[in-house]
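The numbering of the sequence shown is UniProt numbering, which starts it at 470 and goes up by one.
Each residue gets a CB set at the ideal place from its N, CA and C atoms; glycine is no exception.
Have a look at the structure below before the remarks.
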Amino acid sequence: MFHAKNGGKNRAEIFNSEIGTQSSAEMRRDILEAIETGGLFLEYQPKVCSRRQKATGVEALVRWNHPEYGRYMPDRWMPAISNSPIIVALGEWVIEQAMLDQKKLVDLGHGIFTSVNIGSRHFVAPEFVESVDRIRDKLGFAAERLEIEVTEDALFTSEDRASSTFKALHERGYRLSIDDFGKGYSNIARLARLPVDFIKIDRSIIVGAYEDERICAILKSIITMAKSLGAKTVAEGVETIEQVEFASKMGADCLQGYYYAKAMPVEALAEWLDTEANASVPPRLQSL
Ligand code: C2E
Ligand code: MG
Ligand code: MG
Ligand code: MG
């Protein structure tokens with residue numbers, strides 16, 4: 470079975486034994502090839518402002534267009550590369566592709582912000598900030614348009630490196646998010662020293678809080694803490710109107726989840742945003 474406590478390498482091997490005979494090394498080679506030959510693509514999931522019920526941003530989520538498995542989801546193969554240098558190649562590809570897609574959206578009249586997920590190992594690499602700047606200069610987008618999501622383990626892997634990276638990105642104007650907050654061993658003291666724009670509260674807390682008073686108390690304290698740090702909160706994985714109303718009532722600034730939309734290719738996203746822009750209520754709410 471798959472335990473979060475296992476290291477990346479171990480995890481990848483266990484995972485591979487579940488899906489077939491392919492070794493982690495073979496899988497890494499295939500992923501690298503996919504990155505280099507256009508075998509990956511991005512889908513985008515909207516984030517909605519809870520007060521205005523309008524999309525404020527989108528999150529880029531990678532998919533592998535796999536010759537055998539079709540639309541192959543990242544949870545199935547990310548463990549094989551999260552501890553290898555390929556995570557760097559992936560992250561750079563994702564940033565570039567996401568910013569190219571954002572240009573398309575801006576041309577279509579949607580000035581939306583885009584977030585990308587960056588693996589912890591990539592985030593703490595010494596050349597990370599420079600490589601983001603290089604892509605920005607090459608494509609000519611404003612730093613403010615790119616939001617970078619990292620999970621809390623980036624803060625643990627290499628504390629000094631992580632905090633200097635946070636500060637350097639913040640100074641340049643990139644937005645920063647802590648992803649899956651509350652899922653791991655949330656280190657609040659460490660978080661307090663970093664310039665974080667968004668705290669994305671893990672779906673397990675959002676769903677749990679709705680049903681359990683004790684988890685609800687934790688959710689309230691996360692939102693209070695975020696506010697006092699000057700960070701906005703995003704409730705991840707809202708699926709029902711009850712969860713939407715509950716998370717909004719608790720004070721979450723933004724909402725993201727299947728209730729509004731699943732991740733979709735950029736063309737479908739443009740249509741979704743068009744419909745949303747012309748509606749007095751969001752498309753998903755209309756159809757209820
Ligand atoms: P994440 O960044 O926390 O992304 C949220 C995941 O939850 C996405 O799964 C999304 O499709 C899913 N989700 C969104 N709303 C709901 C909902 O209402 N209910 C449920 N049950 N799930 C919901 P996905 O796309 O399979 O991605 C899984 C994880 O893979 C991501 O978690 C992220 O950690 C990682 N990932 C995805 N794209 C990238 C990438 O480009 N680079 C890196 N390094 N990691 C990525
Ligand atoms: Mg994310
Ligand atoms: Mg998350
Ligand atoms: Mg996640």
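If you scan the region 688-752 from start to end, which runs of the beta strand (DSSP E) of 3 or more residues do you find wholly inside it? Segments of the beta strand (DSSP E) lying fully in the region 688-752: 701-705, 723-725.
Contacting residues, own chain, Cβ-Cβ under 6 angstroms from V527 (five flanking each side not counted): Walking along the sequence shown from the start, residue 527 turns up at place 58. Cβ neighbours of V527 beyond the five flanking positions: Y513, P515, I581, T583.
Only counting the same chain, and skipping five residues up and downstream in sequence, which positions put a Cβ closer than 7 angstroms to that of T634? Position 165 of the sequence shown, counted from the first residue, corresponds to residue 634. Excluding sequence neighbours, T634 sits near F592, V593, F597, V598.
Residues that C685 bridges to, as DSSP identifies them: As a first step, residue 685 is located in the sequence shown; it is residue number 216 there, counting from the start. Answer by DSSP bridge pairing: none, since C685 is not bridged.
Close-in-space but distant-in-sequence residues of the same chain around S655 (CB under 7 angstroms, 5 per side omitted): Along the sequence shown, read from residue 1 onward, the residue named residue 655 stands at position 186. For S655, where only same-chain residues beyond five positions count, the Cβ hits under 7 angstroms are E621.
DSSP-derived helix/strand/coil call for F610: Reading the sequence shown from its first residue, position 141 is the one you call residue 610. DSSP places F610 in coil when its eight states are reduced to three.
Where does L574 sit, in a helix, a strand or coil, going by DSSP? To locate residue 574, count along the sequence shown from 1; it is residue 105. If DSSP states are grouped into helix, strand and coil, L574 belongs with the helices.
Check whether the Cβ of N656 sits closer than 6 angstroms to any heavy atom of ligand 1, and report yes or no. Locating residue 656 in the sequence shown gives position 187, where the first residue counts as 1. Not one heavy atom of ligand 1 is found less than 6 angstroms from the C-beta of N656.
Residues proximal to ligand 2 by C-beta, any heavy atom closer than 5 angstroms: The chain-ordered list of residues whose CB is nearer than 5 angstroms to some heavy atom of ligand 2 reads N586, E618, D648.
Between which two residues does the alpha helix (DSSP H) harbouring K636 extend? Within the sequence shown, numbered from 1, the residue matching residue 636 stands at position 167. Run containing K636: 628-641, per the alpha helix (DSSP H) assignment.
Counted within 10 angstroms of its Cβ, other Cβ atoms place D649 as buried (16 or more) or exposed: Translated into positions along the sequence shown, residue 649 becomes position 180. By the beta-carbon neighbour count (other beta carbons within 10 angstroms, threshold 16), D649 is buried.
Checking contacts by CB at 7 angstroms: is R672 closer than that to chain C? The question asks about chain C, but that chain is absent: this structure has only one protein chain.
Endpoints, the alpha helix (DSSP H) within which A494 is located: The residue you call residue 494 lines up with position 25 of the sequence shown. In the DSSP assignment, A494 falls within the unbroken alpha helix (DSSP H) covering 493-505.
CB V585 to CB I564, shorter than 7 angstroms? Here the question's residue 585 lines up with position 116 in the sequence shown. Here the question's residue 564 lines up with position 95 in the sequence shown. Closer than 7 angstroms, so yes.
Between the region 549-560 and the region 488-507, do at least 3 Cβ pairs fall closer than 8 angstroms? Between the region 549-560 and the region 488-507 there are three or more inter-stretch CB-CB distances shorter than 8 angstroms, so the stretches are counted as touching.
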